[in-house]
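**Student:** So for the sequence shown, the UniProt record's numbering puts the first residue at 1; every next one is plus one.
The beta-carbon is built from N, C-alpha and C at its ideal position, and this holds for glycine as well.
Values in this document were obtained by computation on a predicted structure and should not be read as measured data.
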Amino acid sequence: MKRYNINVSHLFVERLKILKAIIPPYAWFLLIVITASATSYETKGDSGEENVNSVKAIVGDEIITQGDVIKRAAVAIREAQERYAEREFYEKVNEILKDTLDELINRKVLIKEAQKLFGSDEAQMKEVEKDLDSFVKGAVKNVGSLSKYYEIAESQGINPLEKKNELKEDIMIDKIMKENVYNKVKVQPKLLRRYYTENIGEFRQKKEISLRQIMIKFSAHNNNKEETLAVAQQILKRLEKGEDFASMAKQYSNGPNAEDGGLWSFNEVNELRKDLRDVVYSLKDNERSKLIESPVGYHIFKMELIKPEKIQEFEEVQDEIYKKIYREEISRLKQQYLNSLKAGIFVKVIQ
Numbered sequence: 001m002k003r004y005n006i007n008v009s010h011l012f013v014e015r016l017k018i019l020k021a022i023i024p025p026y027a028w029f030l031l032i033v034i035t036a037s038a039t040s041y042e043t044k045g046d047s048g049e050e051n052v053n054s055v056k057a058i059v060g061d062e063i064i065t066q067g068d069v070i071k072r073a074a075v076a077i078r079e080a081q082e083r084y085a086e087r088e089f090y091e092k093v094n095e096i097l098k099d100t101l102d103e104l105i106n107r108k109v110l111i112k113e114a115q116k117l118f119g120s121d122e123a124q125m126k127e128v129e130k131d132l133d134s135f136v137k138g139a140v141k142n143v144g145s146l147s148k149y150y151e152i153a154e155s156q157g158i159n160p161l162e163k164k165n166e167l168k169e170d171i172m173i174d175k176i177m178k179e180n181v182y183n184k185v186k187v188q189p190k191l192l193r194r195y196y197t198e199n200i201g202e203f204r205q206k207k208e209i210s211l212r213q214i215m216i217k218f219s220a221h222n223n224n225k226e227e228t229l230a231v232a233q234q235i236l237k238r239l240e241k242g243e244d245f246a247s248m249a250k251q252y253s254n255g256p257n258a259e260d261g262g263l264w265s266f267n268e269v270n271e272l273r274k275d276l277r278d279v280v281y282s283l284k285d286n287e288r289s290k291l292i293e294s295p296v297g298y299h300i301f302k303m304e305l306i307k308p309e310k311i312q313e314f315e316e317v318q319d320e321i322y323k324k325i326y327r328e329e330i331s332r333l334k335q336q337y338l339n340s341l342k343a344g345i346f347v348k349v350i351q
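#1: Apply the 10 Å Cβ neighbour rule to Ala343 and answer buried if 16 or more other Cβ atoms are within range, or exposed otherwise.
#2: Taking Cβ positions, are Leu338 and Asn180 nearer each other than 7 Å?
#3: Look at the alpha carbon of Lys284 and the alpha carbon of Gly262, and state the distance between them as a whole number of angstroms.
#4: Measure the C-alpha to C-alpha separation of Tyr196 and Ile96 and round it to an integer number of angstroms.
#5: Is DSSP giving Ser265 helix, strand or coil here?
#6: Let's see if you can read the secondary structure: which residues bound the beta strand (DSSP E) around Tyr298?
#7: Look at the Cβ atom of Ile64, then the Cβ atom of Leu104, and state whether they are nearer than 7 Å.
#8: Measure from the alpha carbon of Gly201 to the alpha carbon of each residue in Phe314, Lys148, Ile325 and Gly60, then state which is nearest.
#9: Do the CB positions of Val128 and Met172 come within less than 7 Å of each other?
#10: In chain order, what are the residue ranges of uninterrupted alpha helix (DSSP H) at least 4 long that sit wholly in the stretch 143 to 215?
#11: Let me check one thing: in DSSP terms, what residues is Ile325 bridge-paired to?
#12: How many Å lie between Glu268 and Arg212 at the Cα?
#13: Grab me the residues of Ala114's own chain with a C-beta within less than 8 Å of its C-beta, minus the 5 sequence neighbours each way, in chain order.
#14: Roughly how many angstroms separate the alpha carbons of Pro308 and Arg204, rounded to a whole number?
#15: Would you check if the distance between the CB atom of Phe218 and the CB atom of Gly297 is smaller than 7 Å?
#16: Per DSSP, Lys217 forms a beta bridge with which residues?
#17: Between the C-alpha atoms of Asp99 and Lys250, what's the straight-line distance to the nearest angstrom?
#18: Which value, in whole angstroms, describes the spacing of the CA atoms of Ser247 and Asn286?
#19: Which residues does DSSP list as the beta-bridge partners of Leu100?
#20: Return helix, strand or coil for His10, following the three-state DSSP convention.
#21: Under the three-state reduction of DSSP, which class applies to Ile70: helix, strand or coil?
Laid out in structure tokens, this is it:
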């Protein structure tokens, strides 16, 4: 057995680029999924080609194959393909397939527990079937008819009967998770305040400003200082008469971001020369500067918004803190529950 890590050579990537140019998009997607997955796991022989039927894990008396993993991961892989460059994409596939295998193992463990609990409880199973029928009827109603529902499912490569069984399993899993995880989550109010105190830096809002600039460069007037000054003064007079600063910046400014009405971000303002930055920070909200001369030309600034640095009050962020602690507690209790179930069942990952 030989392990192949995702470390795609330049030649390998170039070959894939050629293949991508000559085969249909759907076939290309299947190729990259199988190729990437083959280099992500233990492989048979030296060819780096792994059979999709190879066993990746055993859970009780059931197996999870490489094909199961690829099928479950297909949507995430497709999204990664759109988001990442080729080399990064192949590295990401390894992570997706590993996470998907873990997900499938956990799912089988939960299904086995649900079947054990509900199998002997006729009332519970009737409730599951009722929820399932309600869900399917809702889906059919949304598309218009049962035949249309099957048509859409088949066009997407979904077996309706398999999907119905999967939905039934989802409902059963949700019921045992609700009882053993979700309903056990308790977030005490004092924990919110403690988190706020211990992580106060998370709630510090940095100073923000919104600034506009009109710059008339000497170079735009053949370095004629008098002519440049005259143009700048004319613009200033029009601003004093009430003309829109952003519109004037778009029309006359020779400076950065003129196409955006001379709008500067806070970080860009911090990169200004110190003498200009001092002028900017002396302005109040909606205040316009006088004509400022620099080695490159004349500047007119307008401060449109100032938000000073501040610490958000506890009352502003307590809902955010609650959600964060709630998610963390769900994750902790879920892992605890899964570990307790796995202690009573045979689980083996095939390396």
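**Tutor:** Checking against the coordinates, here is how it stands:
#1: exposed
#2: no
#3: 18 Å
#4: 34 Å
#5: coil
#6: Gly297 to Lys307
#7: yes
#8: Phe314
#9: yes
#10: 146 to 155, 160 to 180 and 189 to 198
#11: Partner(s): none; Ile325 has no beta bridge.
#12: 11 Å
#13: Glu169, Met172, Ile173, Lys175 and Ile176
#14: 11 Å
#15: yes
#16: Gly297
#17: 50 Å
#18: 16 Å
#19: One point to set straight first is that residue 100 is Thr, not Leu, in the sequence displayed. In DSSP, Thr100 forms no bridge with anything.
#20: Because the pLDDT at His10 is just 48, under 50, the model does not fix this residue reliably, and the value given afterwards should be weighed accordingly. Three-state DSSP puts His10 in a helix.
#21: helix
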